[in-house]
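Residue numbers -21 to -1, 1 to 351, in mature numbering (1 follows the signal peptide of the UniProt record, and there is no 0), belong to the letters of the sequence shown in order. Think of the CB as a built atom: it goes at the ideal place given N, C-alpha and C, for glycine as much as any other residue. Below is one structure, written out as structure tokens, with a few remarks after it.
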Amino acid sequence: MNKVWINSLLLVLFSDINVVAADSPERLEVGGAVKVNYKYIDYNQESKHKGGDLVFDVTSIKFSGKNGQWGLESDYRFTADSHYVRYGYGYYDVSNDFQIQFGVNQTPFGNIGVISNSYWFGLPYYLGFEDDHDVGIKSVYKGENFRTEFAFYKNAEYEASETKRYGADLYSGKIGGIEYFNEEVNQFNLRHTYFFDHEAGGTALGVSLQYGDIYNSQTGNMGERTAYALHLDSHIYDWNIQLQLLEYQYDAAEPVGSKKIAVSVVGATFEVASKAQVYSVNIAKNVPTSWGRLKLYNDFGLMTPDVDDSSYDNSMQNVTGFSAYIGSVVIMLDYIMGNNMTFSTADNNHIGLPCLGEGWDKRVNFNLAYYF
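In structure tokens form, the structure reads like this:
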């Protein structure tokens, strides 16, 4: 994010106040996290010979501020070889129930928050439908037992040719000798969620809709993209169940291949089926302890391509693990199994395309974070 923009917004919001305690109605809080990561890749001979790798993961710097009805939220991240914004937006509280956000904010689509429990995220994240953030304006209205969000995003947070980004977006560039010219523009999102209390806990049940254009930077023509999701997040005593059905379709103008399209995320580029259904089934168990909080989980995702080509195969990802919260320290250990899935299989840097490998591949990821 442009440093001048950040400094200007901070100056406007906080020029008349001082940094004070968190319980003050006028405040600026600074926080973040430092993380290290260990990875062992079973299908990579170098990783197996070395017994894995322990590396610096990311430093996150967060600002949270409020001045009257105006506020600011931002999260900027620094890795070993890149830096990028996760979110950075100003907001205005019209009332206690109604807020307007403007800037790089989370697109309201799918389960509120994320549709996963692990550090590794769920399969929708790698398609751009989980914890994605774009540039636009969003309204959030909270009723007694519901929440309605409507948003318009002019474009993604970075140019389509950029690969160093937090969330997955359409990519404009070359992959495997194919040149793509697609850009996300003019996106509308609507998410409506109902909340139900019951004796065992509570349940959130919702529906999400998304529509946007696909601009072809070579021809100047527009295609379109659509997506919808049905989602459930239920807490039953110490258990948590997340279910989601997602369907999306990309109809690019002058596509280089109508069956696939390119995306980029965290420095990587890969291709995905242009139309598919995605199913998420997650279960978690919260375990009270004397030292903090422990959560055990299993997250499963299945993507079924819906293109006119029988050689395109399903993609699957399963993550079994636990997270431990001990004061300011968070530990997450994930055992990841992938089948025809990017980042977790040996020969398949794609999602939903013809499978080049055999069966399931495996890797282990351990993340240690300190929050301040």
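Alpha-carbon spacing of W49 relative to E5, whole angstroms: C-alpha separation (whole angstroms): 10 Å.
For residue 408, list the residues DSSP reports as bridge partners. Outside the shown range of the chain (-21 to 351) lies residue 408, about which nothing can therefore be said.
Using the Cα positions of V309 and L102, report the straight-line distance between them to the nearest angstrom. Near 23 Å, if we compare the C-alpha coordinates of L102 and V309.
Exercise. Rounded to a whole number of angstroms, what is the C-alpha to C-alpha distance between E178 and H214?
Worked result: The alpha-carbon separation between E178 and H214 amounts to approximately 10 Å.
Could you check which residue in D148, E158, E128 and S323 has the C-alpha nearest to that of G236? With distances taken between Cα atoms, G236 lies closest to E158.
>> Quick check: what's the CA-CA separation for D313 versus G92?
In response: Answer to the nearest angstrom: the Cα atoms are 20 Å apart.
Taking the alpha carbon of Y258 as the point to measure from, which residue in Q197, S43 and M295 has its own alpha carbon closest? Taking Y258 as reference, the option from Q197, S43 and M295 with the minimal CA-CA separation is M295.
Grab me the residues of G31's own chain with a C-beta within less than 8 Å of its C-beta, minus the 5 sequence neighbours each way, in chain order. Excluding positions up to five away in sequence, the list reads Y17, K18, Y19, I20 and V343.
Residues near F100 in its chain [Cβ-Cβ closer than 8 Å; skip 5 each side]:
Only V93, E109 and D110 meet the Cβ criterion.
task: Confirm, please, whether the CB-CB distance from G202 to I193 is below 8 Å.
output: Yes, these two residues count as a Cβ contact at 8 Å.
Next on the checklist: Within 8 Å, do at least three Cβ pairs link the stretch 117 to 127 to the stretch 34 to 44?
Outcome noted: As far as the Cβ criterion goes, the stretch 34 to 44 does not touch the stretch 117 to 127, which means the pair count is below three.
Name the DSSP bridge partner or partners of G92?
DSSP, once it has assigned bridges, lists no residue as partnering G92.
Between the Cα of E162 and those of Y173, S140 and F35, spot the shortest distance and give me the residue it belongs to.
Of Y173, S140 and F35, the residue nearest in Cα terms is S140.
Taking the alpha carbon of V15 as the point to measure from, which residue in K27, V9 and F35 has its own alpha carbon closest?
Scanning K27, V9 and F35 for the CA closest to the CA of V15 turns up F35.
Q: List the endpoints of the continuous alpha helix (DSSP H) containing S140.
A: For S140, there is no enclosing alpha helix (DSSP H), as DSSP gives it neither H nor E.
N265 versus N219: straight-line alpha-carbon distance, rounded = Answer to the nearest angstrom: the Cα atoms are 8 Å apart.
For this session: Within its chain, find whatever has a CB closer than 6 Å to the CB of S95; leave out the 5 residues flanking it on each side and keep chain order.
Result: Excluding positions up to five away in sequence, the list reads G101 and D278.
- May I ask you to report which of helix, strand or coil DSSP gives A1? Because A1 sits at a pLDDT of 44, beneath the cut-off of 50, its placement in the model cannot be relied upon, and the following sentence gives the value as read from the coordinates. Correct three-state label for A1: coil.
- request: Note down, in chain order, each residue of its chain lying with its Cβ closer than 7 Å to the Cβ of V73, except the 5 sequence neighbours on either side.
  value: Here V73 has I79 as same chain residues with Cβ atoms under 7 Å from its own Cβ, once five neighbours each way along the sequence are excluded.
*Nearest-angstrom Cα distance between T268 and A208?*
Those two C-alpha atoms are separated by around 35 Å.
| Nearest-angstrom Cα separation, counted from D285 out to C334 | Taking the CA atoms as reference points, C334 sits about 15 Å from D285.
Looking at N195 and V164, is the spacing between their C-beta atoms short of 8 Å?
In this structure, the beta-carbon distance from V164 to N195 does not fall below 8 Å.
- State the start and end residues of the unbroken beta strand (DSSP E) segment that holds E123. In the DSSP assignment, E123 falls outside any beta strand (DSSP E) and carries neither an H nor an E.
In the structure shown, what three-state DSSP assignment does G336 receive? The answer is coil: DSSP assigns G336 none of H, G, I, E or B.
Just grab the DSSP bridge partners of L275 for me.
Per DSSP, K264 and F301.
If you count every other CB in all the chains shown that lies within 10 Å of the CB of Q24, and 16 or more means buried, which is it?
Exposed, since its Cβ has fewer than 16 Cβ neighbours within 10 Å.
- E25: first and last residue of the uninterrupted alpha helix (DSSP H) it sits in: For E25, the uninterrupted alpha helix (DSSP H) run begins and ends at Q24 to K29, by DSSP.
Just how far apart, CA to CA, sit K(-19) and Y132?
-> Any answer about K(-19) is weak, because its pLDDT of 44 lies below 50 and its placement is not dependable; what the coordinates show is given next. Rounded to whole angstroms, K(-19) and Y132 show a C-alpha spacing of 21 Å.
- Message: Quick check on the DSSP output: the beta strand (DSSP E) that includes Y227 runs from which residue to which?
- Response: Start and end: W218 to D230.
For R204 and K153, the rounded distance between their alpha carbons:
If I take the Cα positions, the gap works out to 21 Å.
task: Rank N293, A252 and N84 by C-alpha distance to the C-alpha of N318 and give the top, closest one.
output: Here the closest residue by C-alpha is N293.
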